[in-house]
Every structure is written in C-alpha cells, then in structure tokens.
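*Asks:* For the sequence shown, my numbering gives the first residue as 2, with consecutive numbering after it.
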Amino acid sequence: MIKVTSADFVKSAFNSSHWVDDRRPEIAFLGRSNVGKSSLINSLLGRKGLARTSNTPGRTQSINYFLINGEFYFVDLPGYGYAKVSKTMRSDWGKMAEEYLSQRDQLALCVQLIDLRHEPSKLDMQLNEWLHFNEKPHTVVATKADKLSSNQLLKQLKVARLALNRDNVIAYSSQTGKGRDDVWSAIGDAISQWP
Ligand SMILES: Nc1nc2c(ncn2[C@@H]2O[C@H](COP(=O)(O)OP(=O)(O)O)[C@@H](O)[C@H]2O)c(=O)[nH]1
Ligand SMILES: [Mg+2]
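1. Is SER122 a contact residue of ligand 4, with contact defined as CB to any heavy atom under 7 Å?
2. At a cut-off of 7 Å, would you count GLY80 as near ligand 2, judging by its Cβ distance to the nearest heavy atom?
3. Distance check for VAL160 and TYR66, CA to CA, integer angstroms please.
4. Flag this pair as yes or no: are the beta carbons of ALA164 and PRO121 separated by less than 8 Å?
5. If you drop the 5 nearest sequence neighbours on each side, which residues of the same chain put their C-beta closer than 8 Å to that of GLY50?
6. Would you decide whether LYS145 is buried or exposed? Buried here means 16 or more other CB atoms lie within 10 Å of its CB.
7. What are the boundary residues of the alpha helix (DSSP H) that HIS133 is part of?
8. Is LYS38 close to ligand 2? I mean its beta-carbon at under 7 Å from any heavy atom of the ligand.
9. When you compare each of MET97, VAL5, ASP77 to ARG48 by their alpha carbons, which one comes out closest?
10. Provide the residue span of the beta strand (DSSP E) that contains ILE42, from first to last.
11. In the DSSP output, which residue or residues are listed as bridge partners for PHE67?
12. Thinking just about the alpha-carbon of each residue, which of ILE171, LEU154, ASP9 is nearest to the one in HIS139?
13. Return the first residue and the last residue of the beta strand (DSSP E) that ASP168 is part of.
14. Whose C-alpha, out of ALA191, TRP185, GLN194, LYS137, is nearest the C-alpha of LEU46?
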C-alpha cells in the first residue's frame, strides 16, 4: 500500500501549453461536477483543504495537478455535465478532457467517479464507453456511500455495475473513508505496472 509522504499542489492548467511535461505517471480523476472529486482527492491524501471542495459546481474549468511523494501526479480534470453552464462551455469541457485523455500516454489510471445515489447518467455512460473503447486503464468509484443504507448501497452498486457493464465498482465515502484502501490498491497496482 502506498504511504503518502508528501502531497503538493503543483499548478492549474488552462490549456495544453500549461500541462506538466515531465514523464511521471498520472492518476486522472473524472466525473460530473459536484460528484465529490475534490473530496475524494483530499480524503485519499488525508489533506483536508488541498483540493478545494465547494457546493458551487461548475467552477473549476482548469486541470489541477498534485504531485504525490515526488513520484506521480493526481490530475483533477474539470467536472462535466453541469446543467447551468452554456452549451459552448459544455462542449469545451468535452474537448479539453478528450484532448487530455487521448494525448497523455503517461496516464497510469483513470478514476471515473459516479454518484452512488443515482443511476449513472448518459454522460457517465459515454465517458465509460470512451475510456473502454480507447483502452485506457480505468476504474470506477461510486461516491457518497455514507448517504445510503447498506441495502440501498448493494442495490445501487448492482445498478451501476449493470449500467456500466463492469465487474467492479468501488463504493466510497469521503466522510467515513469507506473504500479508501480499495482505491489506493487500484492506484498502487497501476503505478507498479507502470513501465
Ligand atoms: N456525504 C458526503 N458528501 C460528500 C461526499 N463527497 C463529496 N461530498 C459533498 O458533495 C459536495 C461536492 O463535493 P466536491 O468534492 O466539491 O465535488 P467536485 O465538484 O466533484 O469536486 C460537497 O458539499 C461535499 O462535501 C461523500 O462521500 N459523502
Ligand atoms: Mg472539485
């Protein structure tokens, strides 16, 4: 299991000229606005305010880099599917994320977040298919597990596995730390298999 000895915010990138250009492996985090991406990153790293969390979705339109143990990056990609942003902004998201995901061959793992309380959205399913079709290393984490009873949790995990056609979806709570070891072990496997 990876022990976090350092975690530092490196920069926000607003276009491809700002992308980091060393060859360290990257773990990318993807999902709709407000799904709990920043909370997941903070909870994995045990650093409360490192990635900002907010109740105002759709704000972060940058790619944010965090360097972990001086060895690999966590990459926080902009959240998609925020209803209140304009159509142009929505398709900009698509372009920015697709450009990023298709051009980075240092992506060791894409962590796709979904909200365990709801059925995966059309955008969640499209992203899942895109990652699958493009053969990106990929795992799915279902957030806000603390908001469900254990019966509902099992039921929703099944709904998610079926909708995304996957054997494994990790239930997560950034409040209780549920699922933390499983996500770290997926990250550890991805990093150790990295060339
Ligand atoms: N109960 C609960 N709330 C969460 C969890 N993860 C995120 N949240 C809340 O959901 C909101 C959005 O979280 P944030 O991390 O900013 O989402 P992001 O837009 O995907 O980065 C915040 O109010 C968080 O406190 C979780 O696992 N459990
Ligand atoms: Mg965020």
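Beta carbons are placed, not taken as given, at the ideal position from N, Cα and C, and that holds for glycine.
*Replies:* Put simply:
1. What this structure holds is ligand 1 and ligand 2, not ligand 4.
2. Yes, ligand 2 has a heavy atom inside 7 Å of this Cβ.
3. TYR66 and VAL160 have their C-alpha atoms some 32 Å from each other.
4. Taking 8 Å as the Cβ cut-off, ALA164 and PRO121 qualify as a contacting pair.
5. Counting only Cβ-Cβ distances below 8 Å, and skipping sequence neighbours, we find ASN43.
6. When all chains shown are included, LYS145 counts as buried.
7. Counting along the chain, the alpha helix (DSSP H) containing HIS133 begins and ends at 123 to 134.
8. The answer is yes for LYS38.
9. Nearest C-alpha to ARG48: VAL5.
10. Element bounds for ILE42: not the beta strand (DSSP E) but the alpha helix (DSSP H), 38 to 46.
11. Residue pairing for PHE67: DSSP places it in a beta bridge opposite PHE10, PHE75.
12. Selected option, being the one with the closest Cα: ILE171.
13. Premise fails: ASP168 is in no beta strand (DSSP E) and is neither H nor E.
14. For the residues ALA191, TRP185, GLN194, LYS137, the minimum Cα distance to LEU46 belongs to TRP185.
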